[in-house]
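Accompanying notes for the structure given below.
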Amino acid sequence: AFALGAEGVQVGTRFICCTECTVHPDYKRAVLDARDRSNTVTGRVTGHPVRCLKNKLTAQFDELDKTHAPLDAYERLGAGRLRAAVVDGDVENGSVMAGQIAGLVNDIRDAADIIREMFSQAERIAAAMAERSFPRPSAAVK
Numbered sequence: 008a009f010a011l012g013a014e015g016v017q018v019g020t021r022f023i024c025c026t027e028c029t030v031h032p033d034y035k036r037a038v039l040d041a042r043d044r045s046n047t048v049t050g051r052v053t054g055h056p057v058r059c060l061k062n063k064l065t066a067q068f069d070e071l072d073k074t075h076a077p078l079d080a081y082e083r084l085g086a087g088r089l090r091a092a093v094v095d096g097d098v099e100n101g102s103v104m105a106g107q108i109a110g111l112v113n114d115i116r117d118a119a120d121i122i123r124e125m126f127s128q129a130e131r132i133a134a135a136m137a138e139r140s141f142p143r144p145s146a147a148v149k
């Protein structure tokens, strides 16, 4: 992201799988088990799009989309579903919010370790970008 000009990143999904995060262990496991195509977006019709891991709930939202259901049907279906996933661990019927990166999250670590790794990667990328932008003169050039 830094190399493409981003000034910041949103890393909520990565921090779901940190030791300090209090979500239900089954929620963390769902993120760890995610693959590159495990996500979908619900709520486009309501104006509140949310990226989630595919499950029974997201399939029900898809059905509402196909039938052009009224907005209150979405509200009824979604009521309490985030809590069901986060607190109760219902990862089949709950709203398991997770970003596109979910398929790349493969461990649970301390938040401090995650941040250190992010800064280390950013420093390596910045150094590589600087090297390409301003190459050091070679010994052959006089």
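Residues in the sequence shown are numbered consecutively from 8, following the numbering used here. Even for Gly, the Cβ is constructed at its ideal location relative to N, Cα and C. Computed from a predicted model, the values in this text were never measured in an experiment.
{"Item": "Backbone secondary structure at V38 - three-state DSSP", "Value": "helix"}
{"Item": "V93 in three-state terms, based on DSSP", "Value": "helix"}
{"Item": "Rounded C-alpha distance that separates F22 from A118", "Value": "7 Å"}
{"Item": "Three-state secondary structure assigned by DSSP to R44", "Value": "coil"}
{"Item": "Delimiting residues of the beta strand (DSSP E) encompassing R51", "Value": "Run containing R51: none; DSSP gives neither H nor E here."}
{"Item": "Proximity winner among A133, K61 and M104, relative to E14 (alpha-carbon distances)", "Value": "A133"}
{"Item": "Residues that C25 bridges to, as DSSP identifies them", "Value": "R116"}
{"Item": "Euclidean distance between Cα positions of K140 and E124", "Value": "Per the sequence shown, residue 140 should be read as Ser rather than Lys. Each residue's alpha carbon lies about 24 Å from the other."}
{"Item": "Beta-carbon contacts of T26 that lie in its chain and below 8 Å, excluding the five residues immediately before and after", "Value": "I115, R116, D117 and A118"}
{"Item": "Neighbour-count burial assignment, S102, 16 or more Cβ in a 10 Å radius", "Value": "buried"}
{"Item": "Q67 - containing alpha helix (DSSP H), residue span", "Value": "K63 to K73"}
{"Item": "Residue range of the unbroken alpha helix (DSSP H) whose run includes L78", "Value": "L78 to G85"}
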